[in-house]
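4 protein chains.
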Amino acid sequence: MKHVVSQHVRFGDVDGAGIVYYPRFFNYFHVAFEEFFGRVAGVPYDQMLYKERVGFPTVHVETDFGVPLRHGDAIDVEMTVSRIGKSSFVSTYRVLRGGKLCARAEITTATVNLDRMEAIPIPDRYRAALEKIREDTSS
Amino acid sequence: MKHVVSQHVRFGDVDGAGIVYYPRFFNYFHVAFEEFFGRVAGVPYDQMLYKERVGFPTVHVETDFGVPLRHGDAIDVEMTVSRIGKSSFVSTYRVLRGGKLCARAEITTATVNLDRMEAIPIPDRYRAALEKIREDTSS
Amino acid sequence: MKHVVSQHVRFGDVDGAGIVYYPRFFNYFHVAFEEFFGRVAGVPYDQMLYKERVGFPTVHVETDFGVPLRHGDAIDVEMTVSRIGKSSFVSTYRVLRGGKLCARAEITTATVNLDRMEAIPIPDRYRAALEKIREDTSS
Amino acid sequence: MKHVVSQHVRFGDVDGAGIVYYPRFFNYFHVAFEEFFGRVAGVPYDQMLYKERVGFPTVHVETDFGVPLRHGDAIDVEMTVSRIGKSSFVSTYRVLRGGKLCARAEITTATVNLDRMEAIPIPDRYRAALEKIREDTSS
Numbered sequence: 001m002k003h004v005v006s007q008h009v010r011f012g013d014v015d016g017a018g019i020v021y022y023p024r025f026f027n028y029f030h031v032a033f034e035e036f037f038g039r040v041a042g043v044p045y046d047q048m049l050y051k052e053r054v055g056f057p058t059v060h061v062e063t064d065f066g067v068p069l070r071h072g073d074a075i076d077v078e079m080t081v082s083r084i085g086k087s088s089f090v091s092t093y094r095v096l097r098g099g100k101l102c103a104r105a106e107i108t109t110a111t112v113n114l115d116r117m118e119a120i121p122i123p124d125r126y127r128a129a130l131e132k133i134r135e136d137t138s139s
Numbered sequence: 140m141k142h143v144v145s146q147h148v149r150f151g152d153v154d155g156a157g158i159v160y161y162p163r164f165f166n167y168f169h170v171a172f173e174e175f176f177g178r179v180a181g182v183p184y185d186q187m188l189y190k191e192r193v194g195f196p197t198v199h200v201e202t203d204f205g206v207p208l209r210h211g212d213a214i215d216v217e218m219t220v221s222r223i224g225k226s227s228f229v230s231t232y233r234v235l236r237g238g239k240l241c242a243r244a245e246i247t248t249a250t251v252n253l254d255r256m257e258a259i260p261i262p263d264r265y266r267a268a269l270e271k272i273r274e275d276t277s278s
Numbered sequence: 279m280k281h282v283v284s285q286h287v288r289f290g291d292v293d294g295a296g297i298v299y300y301p302r303f304f305n306y307f308h309v310a311f312e313e314f315f316g317r318v319a320g321v322p323y324d325q326m327l328y329k330e331r332v333g334f335p336t337v338h339v340e341t342d343f344g345v346p347l348r349h350g351d352a353i354d355v356e357m358t359v360s361r362i363g364k365s366s367f368v369s370t371y372r373v374l375r376g377g378k379l380c381a382r383a384e385i386t387t388a389t390v391n392l393d394r395m396e397a398i399p400i401p402d403r404y405r406a407a408l409e410k411i412r413e414d415t416s417s
Numbered sequence: 418m419k420h421v422v423s424q425h426v427r428f429g430d431v432d433g434a435g436i437v438y439y440p441r442f443f444n445y446f447h448v449a450f451e452e453f454f455g456r457v458a459g460v461p462y463d464q465m466l467y468k469e470r471v472g473f474p475t476v477h478v479e480t481d482f483g484v485p486l487r488h489g490d491a492i493d494v495e496m497t498v499s500r501i502g503k504s505s506f507v508s509t510y511r512v513l514r515g516g517k518l519c520a521r522a523e524i525t526t527a528t529v530n531l532d533r534m535e536a537i538p539i540p541d542r543y544r545a546a547l548e549k550i551r552e553d554t555s556s
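Taken in order, these protein sequences are the chains called A, B, C and D. Taking the numbering used here, the leading residue of the first sequence gets 1, the next gets one more, and so forth. Taking the numbering used here, the leading residue of the second sequence gets 140, the next gets one more, and so forth. Taking the numbering used here, the leading residue of the third sequence gets 279, the next gets one more, and so forth. Taking the numbering used here, the leading residue of the fourth sequence gets 418, the next gets one more, and so forth.
Dropping the structure here:
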């Protein structure tokens, strides 16, 4: 199963060179991440945070930017998971425009209790959801 | 007394038309507002929020945009106060580039206790600081 | 006819007080504005800008913020038009959460040729689209 | 020589968990990058872009986030360079709060002519400036 969120490059997303200001790619990734919880895990991201007090801080990011994006571009952001540990996991985000890969990120995420800001095991429900979008083979 | 904060238009502040994306003017205003607390009131904005639990939500905004700004522009954001009520006040922000007025905003701000999100009187210390940057005459 | 764009308050949209950082309301308004061109006028906003070189700089903003929004809130942003002049118009944005009005803005927009940055009459196609979402009575 | 830019975590920089929304770290890095041109190379970033038509798109990013930052934190962003090639270079950004390392990024940057969006050799002036902040040893 793939988790894909379609987005648009907005008027305010570009920089002085007329292409997407690269920090905003991380917004696109994060929107896909937020939607994952409601759509795949069945718990909206905000409920998980504020009721269950489960948080997922980003601890490591590796990103390749290949094709610059411009205002008006329609993109698909695909999220898959390549590794699931006890309390952290690695997810991959691919940004596609017209089916062409424009950027790709691997993001390592920890799991914490937000009140204590301490690592906790990934709760079963979210672990099962992460398994659903696990890649068959590494890429 | 005038409270002025010098800022730069950053590479990521512009839009697809090559000028500052207008929502980002409100960031420039807010940076001046944040600095007001540490510099004029003697209490850093974050301390006031998190220790005193005093917050200043924005309730009304009126803004005129006259001259478009571009990446690299050096601007001065002047903050003055035109009206101080029991629990709200009106502040004015002028964005100047090379002394020329480019944008002007009047912003009405309430005062609340952040735990209860209820209106409270402006605490004396902040009222005194607002008086320091009060305009002599309306403009 | 009403033009309505449903949006979500994102994880990164809030501020240190836990509510939407008010400058980001203007992003919500602008997303509705951008979508208006593709959906109502039949010309995507980016095509109008980059092919026709027609731009719509914001010249005046009046906004009331009534109800604070929080991460996870589902909102509808309604755009209507209250006044259409020769080369400028006034549009109104209402932010509703569960049908309840949370914020309301009136935004005056000029029409320019982006190459010369000079005022031009509103092109007929866009004027007709603005008429489609004109309010019956002022509110 | 070190290139260091002091910054503040702003009210609008945090997320629903009350810590800096991680995409905004890339703004902090980019502000240091922009300042490098004016301060170390002697050519303001905007002049280089718009007059010389030299651009520096980001092609690869690796970042470790160690310590979460909060609104009000005063940070130093240190920029050094670890590798300088013919038309690309690798710079390192360290975010320090009270001398403690909170985040660290390695960013690979290409050099292009902005009109043709084609790779060009790093111009001598900027190569010399990059050499000035080159690390003595890899870290």
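Beta carbons are placed, not taken as given, at the ideal position from N, Cα and C, and that holds for glycine.
- Under the three-state reduction of DSSP output, L531(D) falls in the coil class, being neither helix nor strand.
- With distances taken between CA atoms, T202(B) lies nearest to F164(B) out of D263(B), F164(B), R255(B).
- If you compare the alpha carbons of V153(B), V229(B), F150(B), M256(B) with that of R266(B), the shortest gap goes to V229(B).
- Residue pairing of E413(C) in beta bridges, as defined by DSSP: absent, with no partner found.
- Taking one beta carbon from each stretch, the stretch 433 to 440 of chain D and the stretch 470 to 488 of chain D have 3 or more pairs nearer than 8 Å; the two touch.
- Its Cα nearest to that of V59(A), the residue T108(A) stands out among S6(A), R53(A), T108(A).
- Runs of the beta strand (DSSP E) spanning 3 or more residues and lying entirely within the stretch 167 to 214 of chain B occur at 197 to 204, in chain order.
- The beta carbon of Y404(C) sits no closer than 8 Å to any beta carbon of chain B.
- Distance from the CA atom of S499(D) to the CA atom of G472(D), rounded to whole angstroms, is 20 Å.
- Cβ contact annotation for V529(D) (same chain, cutoff 7 Å, sequence separation greater than five): G472, P474, E535, A536, I537, in chain order.
- Rounded to whole angstroms, I261(B) and R470(D) show a C-alpha spacing of 51 Å.
- At a cut-off of 8 Å between beta carbons, G98(A) makes no contact with chain C.
- Counting other Cβ atoms within 10 Å of its Cβ, A491(D) stays below 16 and is therefore classed as exposed.
- In the displayed model, R149(B) falls within coil according to three-state DSSP, outside both helix and strand.
- Sequence-distant partners of H281(C) (beyond 5 residues in either direction) whose C-beta falls short of 6 Å from its own C-beta, in its chain, are F314, V318, M357, I411.
- The C-beta of H142(B) comes no closer than 8 Å to any C-beta of chain D.
- Contact of P183(B) with chain D by beta-carbon distance below 7 Å involves G489.
- Around the CB of E409(C), fewer than 16 other CB atoms lie within 10 Å, so the residue is classed as exposed.
- In summary, the residues of the stretch 426 to 457 of chain D whose CB is separated from some CB of chain B by less than 8 Å are R427, F428, G429, N444, H447, V448, E451, in the order they occur in the chain.
- Beta-bridge annotation (DSSP): L374(C) is paired with D354(C), L379(C).
- Residue pairing for S227(B): DSSP places it in a beta bridge opposite A249(B).
- Only those residues of the stretch 188 to 202 of chain B whose C-beta falls short of 8 Å from the nearest C-beta of chain C are listed: L188, Y189, G194, P196, T197, V198, H199, V200, E201, T202.
- If you ignore the 5 residues before and after S145(B), its C-beta comes within less than 6 Å of the C-beta of D215, all in its own chain and listed in chain order.
- Separation of F450(D) and P461(D) (C-alpha to C-alpha, rounded to the nearest whole angstrom) is 11 Å.
- Residues of the stretch 102 to 130 of chain A that bring their beta carbon within less than 7 Å of a beta carbon in chain D comprise L114, in sequence order.
- G224(B) sits exposed, since fewer than 16 C-beta atoms from the chains shown fall within 10 Å of its C-beta.
- Taking a 10 Å sphere around the C-beta of R288(C), we find 16 or more other C-beta atoms and assign the residue as buried.
- Cβ neighbours of M418(D) within its own chain (closer than 7 Å, five residues either side excluded): K549, I550.
- In the three-state scheme derived from DSSP, where H, G and I count as helix and E and B as strand, A407(C) is classed as helix.
- Residue-level contact check: F506(D) does not touch chain A, since none of the beta carbons of chain A fall below 8 Å from its beta carbon.
- Apart from the 5 residues on each side of it in sequence, F482(D) sits with its Cβ closer than 8 Å to the Cβ of Y439, F442, C519, A520 in its chain, given in chain order.
- Relative to the Cα of R125(A), the nearest Cα in the group G16(A), G42(A), V14(A) belongs to G42(A).
- In the DSSP assignment, R500(D) is bridged to V507(D).
- Setting aside the 5 residues that flank it on each side, T370(C) is surrounded in the same chain by T358, S360, E384, each with a C-beta closer than 6 Å to its C-beta; the list follows chain order.
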